[in-house]
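Colleague: Submitted below is the structure of interest, expressed as structure tokens.
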Amino acid sequence: MFHENFREGVISAKQFKREDIEYLLKKSKEMLKTKNSNLLNGKILATLFFEPSTRTRLSFESAMYRLGGNVIGFHSSDVSSIKKGESIADTIRTVENYSDCIVMRHSLEGAARMASKFSQVPIINAGSGSGEHPTQGLLDLLTITEEFGSLDNLNIGLMGDLKYGRTVHSLSILLSNFDVNVYFISPIELKMRNRDKDYLRQQHMKYKEITDYRKILSTLDVLYMTRIQKERFIDLEEYEKVKGYYIFRKSDLDDTKDNFRLLHPLPRTTEISPDIDHYDKTIYFKQTYYGIPMRKAILAELMRD
Amino acid sequence: MFHENFREGVISAKQFKREDIEYLLKKSKEMLKTKNSNLLNGKILATLFFEPSTRTRLSFESAMYRLGGNVIGFHSSDVSSIKKGESIADTIRTVENYSDCIVMRHSLEGAARMASKFSQVPIINAGSGSGEHPTQGLLDLLTITEEFGSLDNLNIGLMGDLKYGRTVHSLSILLSNFDVNVYFISPIELKMRNRDKDYLRQQHMKYKEITDYRKILSTLDVLYMTRIQKERFIDLEEYEKVKGYYIFRKSDLDDTKDNFRLLHPLPRTTEISPDIDHYDKTIYFKQTYYGIPMRKAILAELMRD
Amino acid sequence: MFHENFREGVISAKQFKREDIEYLLKKSKEMLKTKNSNLLNGKILATLFFEPSTRTRLSFESAMYRLGGNVIGFHSSDVSSIKKGESIADTIRTVENYSDCIVMRHSLEGAARMASKFSQVPIINAGSGSGEHPTQGLLDLLTITEEFGSLDNLNIGLMGDLKYGRTVHSLSILLSNFDVNVYFISPIELKMRNRDKDYLRQQHMKYKEITDYRKILSTLDVLYMTRIQKERFIDLEEYEKVKGYYIFRKSDLDDTKDNFRLLHPLPRTTEISPDIDHYDKTIYFKQTYYGIPMRKAILAELMRD
């Protein structure tokens with residue numbers, strides 16, 4: 394089913410309607426039960442990371458190996474033909490001949506969509522500039538549903554860099570298919586962009602924009618924090634103004650509900666104090682664990698015969 | 394048969410006589426029929442890329458996986474012991490203990506030959522400076538024969554940087570085993586080197602050197618374009634003089650025969666206008682596709698038990 | 394047995410008592426007999442190299458493939474989330490969710506030990522700053538026992554950078570479990586550190602510190618040379634003073650016993666003249682060969698079900 398709707402791959406969270414998401418969540422839960430399989434035996438995944446990554450790349454590679462497949466790729470535009478002046482389109486039209494699916498990260502916002510126009514194998518967007526990171530959003534949903542059983546009726550805060558943060562863009566789009574109450578929490582300078590909010594309003598999402606998370610912290614089921622991403626700022630003075638804006642500490646955790654959960658796509662820098670890592674309420678490392686079953690589910694849908 | 398003649402690997406196109414080439418073309422065509430096999434199960438290929446590469450490295454890796462083998466390697470001399478001052482000879486005498494075959498790219502012209510002297514496993518030259526790139530030449534021949542049925546009696550133009558272009562060196566050497574008419578088309582500054590022409594004359598190759606491709610374009614069956622390679626110029630002023638020398642456009646394509654084919658080893662920069670990419674006469678992306686069966690054939694010859 | 398004692402991995406040579414070492418040597422010898430197996434089918438090894446490496450990384454990867462497993466990883470801190478400011482602890486708590494064992498190299502001396510505190514999968518220390526490199530020491534022991542049958546009663550010289558050289562630290566700790574006579578041969582500036590000597594004295598190791606190897610060369614069974622490591626010096630003037638301090642030549646080799654063996658962990662720069670590489674007494678390339686069975690033995694112990 395998913396396979397039929399998404400022949401060109403996973404480019405944007407907007408491709409996914411509620412039933413698609415629920416299908417993928419169900420498939421991911423199945424993947425959690427079997428560590429290894431031969432589902433993608435003989436298949437090759439290409440991981441093209443024009444921007445650096447640890448988590449996302451290794452997570453896709455691990456998922457592919459767990460399904461019996463193999464991986465080729467590059468991890469830096471320095472070591473590839475890009476250095477010789479090749480266009481993304483040409484790289485894609487080459488690599489599609491070597492692989493059955495391409496996972497791609499690039500600093501330009503429209504890169505994955507553009508790539509999918511040229512590719513005859515499915516493209517997976519593993520981060521396109523400040524735009525989107527849909528598979529991260531999907532694994533975030535898997536994490537939340539594993540903790541809460543369902544998404545509906547949850548109070549969810551998305552906090553940090555909502556302007557440049559591609560993970561919060563994809564996650565909020567996905568959440569707009571469910572009956573959730575969302576708080577967008579950010580410094581004024583890093584508010585969610587109008588074009589993103591326009592889409593969410595069309596989707597009838599219930600959201601509020603606030604600056605001080607302390608006012609609503611005790612009502613939240615989930616707080617999803619993000620890093621202020623230095624690499625997205627053109628003006629470093631702007632970055633210096635906001636970099637330490639939010640720091641979540643033990644005293645904050647004490648103010649939360651019993652079943653409260655703190656998520657973060659990682660990497661983090663200073664925004665979450667490491668001394669709360671061991672509490673049951675902080676699940677950002679568990680969250681990385683859910684990356685494997687979700688990515689296995691996606692890869693299997695896109696490549697299985 | 395090939396295996397007997399090439400125990401030390403694939404270093405230069407000069408190793409290949411007509412019957413060797415025809416044998417490899419036949420084997421490649423067989424490889425086209427079976428996407429995956431277990432022929433190289435348990436074998437390990439080492440890909441040592443001292444110079445950056447996308448196409449060649451990923452193509453070899455994909456070919457190796459399609460044959461059931463595994464791959465180790467490095468993609469930049471920055472991340473290897475080279476940085477600590479190790480010689481190529483020492484690197485090879487180490488890596489031969491970890492692998493069954495070594496694919497190697499290096500900026501020095503004699504690097505692969507030197508490596509083969511120290512190695513007890515076969516070495517494949519994946520590009521040695523401005524010298525040669527024999528497996529590219531072999532896949533180029535596969536591409537042409539798949540399009541034309543045979544190589545004999547074709548009019549073939551090789552155009553661009555004939556001085557520093559290692560792919561045209563290997564391709565012209567291979568072509569010298571067949572009954573072809575060759576045009577070497579380049580700016581004066583980038584003409585084929587005398588030592589290369591001396592070899593081709595010994596081989597009784599029929600060739601002409603010209604500057605303006607338009608004069609003979611309508612007679613050509615195949616035009617093989619190459620990039621002017623900025624990284625080979627010591628003097629960037631020299632590069633600036635010739636970089637935009639040839640640009641192949643739609644109007645050129647209109648002047649060609651019905652069965653004309655335009656090839657390019659890629660990456661390209663500005664020398665072929667992207668607006669002709671979708672025509673049947675332009676087959677540079679199809680050409681990358683033929684890299685897989687040819688490299689599968691070579692790897693199988695060098696490593697199978 | 395080994396498995397029971399080393400659940401957290403291979404961090405330091407100090408973990409190994411004589412019976413552990415003998416067990417691993419026995420297992421390595423078994424591994425020498427079967428090139429490939431399926432012992433680690435479905436397992437994933439993560440190779441996290443924050444510092445550059447050819448030998449150690451490729452050796453672990455080759456060993457893992459020979460056992461039927463797969464490999465993920467990064468080879469430079471440039472291409473990973475480290476660049477975004479992530480801590481080692483966070484990287485480890487992420488990657489443990491993607492893999493069954495982590496091999497790690499880092500420029501900080503305590504890095505591997507720290508990582509093992511956070512990890513739920515075994516950590517293998519593949520070099521921690523100037524500290525240790527225990528698997529190198531283990532393969533060095535395998536090399537010596539393969540040549541001499543046993544370790545006891547040998548005269549062994551460790552020469553070069555004994556202050557910053559992590560391989561000599563691990564090797565001397567391992568040797569302290571056997572009845573050997575050790576000479577520490579170095580410039581005054583690069584003598585073995587006091588804390589290391591304190592440990593060896595506690596272990597009742599018989600050692601002498603000397604500067605001129607020529608005085609005892611004719612009595613040695615084994616000379617283990619190391620590179621003066623430029624990258625460990627903060628003051629390059631200090632490096633310049635000692636860099637060419639020892640150069641082992643043909644005339645030295647002539648002064649050695651018939652069964653003398655010269656080892657080196659490689660890479661070498663100028664400290665061993667390449668014109669003696671082909672003598673039976675120089676076995677540094679054979680030594681790299683023994684890296685595979687020893688690492689296969691270690692990986693199998695840490696990951697097999």
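Protein chains in written order, with this note's numbering: chain U, 394 to 698; chain E, 394 to 698; chain D, 394 to 698.
Backbone N, C-alpha and C fix where the C-beta goes; we use that ideal spot for every residue, glycine too.
Since this is a predicted model, take the numbers as computed values, not measurements.
Who are the near neighbours of C494(E) in its chain, counting only those whose CB is closer than 6 Å to its CB and skipping five residues on each side?
Modeller: Correct list, in chain order: L438, V514, P515, L695, M696.
Colleague: Is K407(D) near the ligand COA, judged by its Cβ being under 6 Å from some heavy atom?
Modeller: Judged by which ligands are present, the structure shown has none, so any question about the ligand COA falls away.
Colleague: Please classify G637(U): is it buried, with 16 or more other beta-carbons within 10 angstroms of its beta-carbon, or exposed?
Modeller: Label assigned to G637(U): exposed.
Colleague: Report yes or no: do the stretch 413-426 of chain D and the stretch 658-674 of chain D share at least 3 C-beta pairs separated by less than 8 Å?
Modeller: Not touching, per the Cβ criterion.
Colleague: Express the C-alpha separation of M497(D) and D651(U) in angstroms, rounding to a whole number.
Modeller: Going by the C-alpha atoms only, they are around 38 Å apart.
Colleague: My output table needs one value for T619(U): the three-state DSSP class, helix, strand or coil.
Modeller: Reduced to three states, the DSSP call for T619(U) is coil.
Colleague: Using only the alpha-carbon positions, how far apart do S455(D) and M585(E) sit?
Modeller: Cα to Cα, the separation comes out at about 41 Å.
Colleague: Is the Cβ of R448(E) closer than 7 Å to any Cβ of chain U?
Modeller: R448(E) counts as touching chain U.
Colleague: CA-CA distance, S563(D) and K590(D)?
Modeller: Going by the C-alpha atoms only, they are around 12 Å apart.
Colleague: Are D554(E) and Q622(E) touching if we call contact CB-CB under 7 Å?
Modeller: Contact: yes.
Colleague: Run through chain E and tell me which residues come within less than 8 Å of I685(D), C-beta to C-beta.
Modeller: Under the 8 Å cutoff, chain E gives N490, Y491.
Colleague: Consult DSSP for H562(E) and reduce its assignment to one of helix, strand or coil.
Modeller: H562(E) falls in the helix class under three-state DSSP.
Colleague: Taking three-plus beta-carbon pairs below 8 Å as touching, is the stretch 541-551 of chain D in contact with the stretch 604-624 of chain D?
Modeller: They touch, by the three-pair rule.
Colleague: How far does the beta strand (DSSP E) with D439(E) in it extend, from its first residue to its last?
Modeller: The sequence given here places Ala at residue 439(E); Asp does not occur at that position. Residues 437-442.
Colleague: Just to confirm my understanding: we take S523(E), look at its own chain, exclude 5 residues before and 5 after, and list those with CB closer than 7 Å. What are they?
Modeller: If we look at S523(E) and ignore the five residues flanking it on each side, its Cβ neighbours are E502, Y557, R559, R625.
Colleague: Going by other Cβ atoms of all chains shown within 10 Å of its Cβ, with 16 needed for buried, is M394(D) buried or exposed?
Modeller: Note that M394(D) scores a pLDDT of 48, beneath 50, so its modelled location is shaky and nothing firm can be said.
Colleague: Roughly how many angstroms separate the alpha carbons of A508(E) and A482(E), rounded to a whole number?
Modeller: Going from the Cα of A508(E) to the Cα of A482(E) covers about 6 Å.
Colleague: Quick one: which chain D residues come within Cβ less than 7 Å of Y416(U)?
Modeller: Those within 7 Å of Y416(U) in chain D number zero; the least Cβ separation is about 24 Å.
Colleague: Shortest alpha-carbon distance to N490(E) belongs to which of A693(D), Y677(D), I465(D)?
Modeller: The residue with the shortest Cα to Cα distance from N490(E) is Y677(D).
Colleague: Are the C-beta of E479(E) and some C-beta of chain D separated by less than 7 Å?
Modeller: Yes, its Cβ sits closer than 7 Å to a Cβ of chain D.
Colleague: Around the C-beta of S543(U), are 16 or more other C-beta atoms found within 10 angstroms, so that it is buried, or is it exposed?
Modeller: Answer is exposed; the Cβ neighbour count stays below 16.
Colleague: Which residues, in order along the stretch 640-673 of chain U, keep a beta-carbon less than 9 Å from a beta-carbon of chain D?
Modeller: From the stretch 640-673 of chain U, only L659, P660, R661, T662, T663, P667, D670 have a Cβ closer than 9 Å to chain D.
Colleague: Between G684(U) and S452(U), which are expected to be in contact by the criterion C-beta below 8 Å, what is the C-beta distance as a whole number of angstroms?
Modeller: Indeed, because the Cβ distance is near 4 Å, the residues count as touching under 8 Å.
Colleague: Looking at F641(D) and E602(D), is the spacing between their C-beta atoms short of 7 Å?
Modeller: Contact flag unset, no.
Colleague: Using the Cβ count rule (16 or more neighbours within 10 Å means buried), how would you classify Q596(U)?
Modeller: Exposed: under 16 other Cβ atoms inside 10 Å.
Colleague: Would a check of beta-carbon distances place N434(E) closer than 7 Å to chain U?
Modeller: Chain U contact via Cβ: absent.
Colleague: Could you give the residue range of the beta strand (DSSP E) that holds L656(E)?
Modeller: L656(E) -> beta strand (DSSP E) spans 654-656.
Colleague: Over what stretch of residues does the beta strand (DSSP E) that includes N463(U) continue unbroken?
Modeller: First-last of the beta strand (DSSP E) with N463(U): 463-467.
Colleague: Taking N463(U) as the query, report the chain E residues whose CB atoms sit under 7 Å from its CB, ordered along the chain.
Modeller: Y458, listed in chain order.
Colleague: In chain U, which residues lie with their C-beta within 7 Å of the C-beta of N429(E)?
Modeller: Chain U residues near N429(E): G435.
Colleague: Where DSSP assigns a beta bridge to N548(U), which residues make up the other side?
Modeller: N548(U) pairs with N574(U).
Colleague: Whose Cβ in chain D lies nearer than 7 Å to the Cβ of F467(E)?
Modeller: Neighbours of F467(E) on chain D, chain order: T447, H468.
Colleague: Kindly indicate which three-state DSSP category I495(E) falls into: helix, strand or coil?
Modeller: Strand at I495(E).
Colleague: Can the beta-carbon of I703(D) be found closer than 7 Å to that of F511(D)?
Modeller: There is no way to answer for residue 703(D), as the model of chain D reaches only from 394 to 698.
Colleague: Once DSSP output is grouped into helix, strand and coil, what is the label at M394(U)?
Modeller: Bear in mind that a pLDDT of 49 at M394(U), under 50, signals an unreliable position, so the number given afterwards is only what the model happens to contain. Here M394(U) sits in coil by DSSP.
Colleague: Rounded C-beta distance between T675(E) and L659(E)? I'm assuming under 8 Å.
Modeller: 12 Å between Cβ atoms; not a contact.
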